[in-house]
Every structure is written in C-alpha cells, then in structure tokens.
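Heads up: the structure comes next, in structure tokens.
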Amino acid sequence: MMNPKRLQHRDFLFQKLFSEGEHFSAGLFEIPSNCEIPRKNTRLFSMGLVVVTGYVRIRMNNLEFVIGPGTMSFIPRMNLYRIVNVGDETARVYWFSAKETKVIKKLNERPRGLVEEKA
C-alpha cells in the first residue's frame with residue numbers, strides 16, 4: 412500500500428517500497444510544488460529516478476536539468492544531487508538505488524535458505 416510519510420523537518424514525503432538487504436532498494440518521493448529534496452551524496456549507491464507526475468529540476472554537481480512525466484534520470488555513485496519541484500503540482504518520483512557488491516562464492520557453495528527436496 413502506498414502511504415508516503417513526511418520526514419522530520421522536511422517538506423517532501425518518502426516511502427521505501429522494496430529493499431534487498433543493503434544492496435538494492437526502491438521507493439517513492441512526493442515533492443510538493445516549490446519544495447525540494449536538499450543536497451545529498453549518493454555515496455556508494457547509484458540512483459535512478461523516474462518522474463510519474465510533475466516537473467523536477469535535478470542538480471548533480473555542476474550539471475542542472477529539468478525532467479517531467481515519463482522521464483528517467485540516473486545519478487552515479489559518489490555524486491552530490493538536489494531535486495526541486497519546479498512545477499505547479501506535486502511531483503511523484505519513483506527512485507531505485509543499487510550498491511556495488513563484491514561477492515565471492517565457492518563453486519559448490521549452496522545459497523542460504525535453499526532446502527533440498529526429499530524423495
């Protein structure tokens with residue numbers, strides 16, 4: 412169920428919709444008109460944004476652009492970004508983020524939680 416919540420001392424709403432440990436997550440931002448998601452650093456995560464309604468200005472380091480409904484943007488890891496709603500309506504933006512992980516598995520190692528069927 413979609414029920415985004417206002418974060419403390421922020422004007423936008425946020426809801427995490429899915430996560431796979433600390434490696435992948437997805438969610439929703441609802442940003443009222445003339446409000447913003449203040450400058451943040453993606454750190455070790457790469458981030459994708461898909462605008463469903465409204466228009467947002469994205470500033471990533473020294474690059475700035477506006478995207479609208481049906482548009483996707485990508486923010487590579489280790490970048491500063493800021494998102495501002497420049498439209499007249501609440502912007503609904505779905506986001507997803509992924510963290511590069513290095514996994515080394517032995518060829519014969521079975522994934523955790525895998526149960527063998529008994530005949």
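Numbering (the working numbering), first residue to last: 412 to 530.
Ideal placement from N, C-alpha and C gives every residue a C-beta, glycine not left out.
Owing to the predicted nature of the structure, the values given are computational and were not obtained by experimental measurement.
### Best match in F423, V504 and G432 for proximity to C446 [C-alpha to C-alpha]
F423
### Separation of V463 from M471, as counted between CA atoms
20 Å
### Query
DSSP puts Q426 in a beta bridge; with which residues?
L439
### Message
Spatial neighbours of T512 within its chain, please: C-beta separation below 6 Å, excluding the five flanking residues on both sides.
### Response
H434
### Query
Is the distance from the Cβ of P443 to the Cβ of T482 below 7 Å?
Between P443 and T482, the C-beta gap is not smaller than 7 Å, which leaves the two residues out of contact.
### Task
Starting from the Cα of I448, find the closest Cα among S436, L455 and V467 and give me that residue.
Distances from the alpha-carbon of I448 to those of S436, L455 and V467 put V467 closest.
### Query
What do you reckon, are the CB atoms on G498 and G465 nearer than 7 Å?
yes
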